[in-house]
Structure formats: C-alpha cells, structure tokens
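In short: position in the sequence shown from 1, add 14, done, that's my numbering.
Glycine residues also receive a C-beta, built at the ideal position from the N, C-alpha and C atoms.
None of these values were measured; they are calculated from a predicted model.
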Amino acid sequence: MDMSIFQIESNKMKPQAGSILISAPFLRDYHFARSVVLLVEHNEEGSMGIVLNKKFNYQINLDELVPELEFMPKIPVYKGGPVSRDILFYLHTLHDLEGAVSLGNGLYLNGNFDQLKQYILDGNPVEGVIRFFTGYAGWDAGQLEKEIEENNWLVATSEDHDLLNPYLNDYWKLSLYKMGGKYAIWSRYPQFPTLN
15 MDMSIFQIES NKMKPQAGSI LISAPFLRDY HFARSVVLLV EHNEEGSMGI
65 VLNKKFNYQI NLDELVPELE FMPKIPVYKG GPVSRDILFY LHTLHDLEGA
115 VSLGNGLYLN GNFDQLKQYI LDGNPVEGVI RFFTGYAGWD AGQLEKEIEE
165 NNWLVATSED HDLLNPYLND YWKLSLYKMG GKYAIWSRYP QFPTLN
C-alpha cells in the first residue's frame, strides 16, 4: 500500500479566528494527537485556540470550579489545551452576553461571567448552547504557520453549532470524513497501526 496517501498536505487555507485545525494522522504529541482545535485568535503576534475533542482522564464538572452552581445539573468541563489550565474558557451562542468575543461563525468566546452564571441559575439550556474548557493551545508568532507548512495541521472551516455538541470524541474522524476524498481515507487510518 502507498503510505504517502496518509500524509496530510496543506489545503492552502489560511488560518483565522473561527477556523479549525485538524491534526495530521501521525501527529504523536500527547496534547494534540487526533485533535481538532478551534482558533479563537490568529495574528502576527501568535495564535490561540481551544481543543474541542479532549476530555480529562477524570470528569470535571463546572460546580467543582464554581461553587454557586453546586445544586444545578452537572455541566462537564473539557480539556481546552495544555496552557493555563487554571483559566476557564467558554464557547457559546449567547450573542447578548456582555464582553463576549465574536468568532465570526455564530459562536462567541467568554464574556461577563456573572451574567452567564445567572443564565445557568435561571434554568436556561446549557447543552448545545455553552461548552466549558480549562486551558488553551497557544503558538508564538509564526509557529502555527510553520507547523501547517510541515503538514502537521489541516485548516478547515467550522460548522457553527456542531462545535457545541458535547459528544465530540470522534470529531477528528468526522471532520476529515466530511471533507471527502483523501481526507476521508485519513480518517480511517488507525492511530496505532502496529496494534491491528
């Protein structure tokens, strides 16, 4: 079999806030293997993103971090990346949340946390509307572009509210499969081929 078909080649899309990064099938980095990252910032100073499809080894719920929510239904917190794991981030569709940063795709990042807490305490829906993460992925100036040139990442457009789905464990495979062609072939390549 010609193994070169499994090597990601850049699709020439330029990264920007609101786009997603899909890791190459053979990327072995502990934090980024088989990951999908939503870029929330990309400029000449560097890039920042939130890993969408990674859970912690043990379940963390929002009420463990925000005691005022202890009597509310459990809201999971996901692993957003290896940097600043003590910082809480939230992606949402609440366009009227004060201070929220628009990602240009119907999604927003952060905003007035007291207002958000009240939204939750009032019993409003969370699933499909808000996802919480601790930590983020960061790149210095030019670092992400270099990694893309080295074919470690494929840049794609995000599909709006799909990113708020709490069941994104297979999002890496799904993202590649939806692109079709050789990308769909990459989605089926086993992570550890020697175990097959």
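Within the DSSP bridge table, the entry for Ile-64 names Leu-52 as partners. Counting the other CB atoms within 10 Å of its CB gives Arg-145 a total of 16 or more, which places it among the buried residues. With contacts defined by Cβ atoms closer than 8 Å, Ser-37 and Asn-166 form a contacting pair. Looking at the DSSP output, Val-143 bridges to nothing. Secondary structure note for Phe-103: it is in no alpha helix (DSSP H), and the uninterrupted beta strand (DSSP E) holding it is 97–106. Per DSSP, reduced to three states, the secondary structure at Gly-195 is helical.
By the C-beta density criterion, Pro-29 is buried, having at least 16 other C-beta atoms within 10 angstroms. Of the residues assessed, Gly-149 falls on the buried side of the cut-off, its CB having 16 or more other CB atoms within 10 angstroms.
For Ile-162, the uninterrupted alpha helix (DSSP H) segment begins and ends at 157–163. Approximately 6 Å separates the beta-carbon atoms of Leu-53 and Ser-61; this is inside 8 Å, confirming the contact.
Looking at the DSSP output, Ile-34 shares a beta bridge with Leu-52 and Ala-170. Note that the segment 95–108 does not touch the segment 184–200; fewer than 3 beta-carbon pairs, one per stretch, sit closer than 8 Å. The C-beta separation of Ile-64 from Leu-105 comes to about 7 Å, placing the pair in contact by the 8 Å criterion. If you draw a straight line from the Cα of Val-169 to the Cα of Ala-47, it comes to about 15 Å.
As DSSP reads the structure, Tyr-150 sits in a beta bridge with Val-97.
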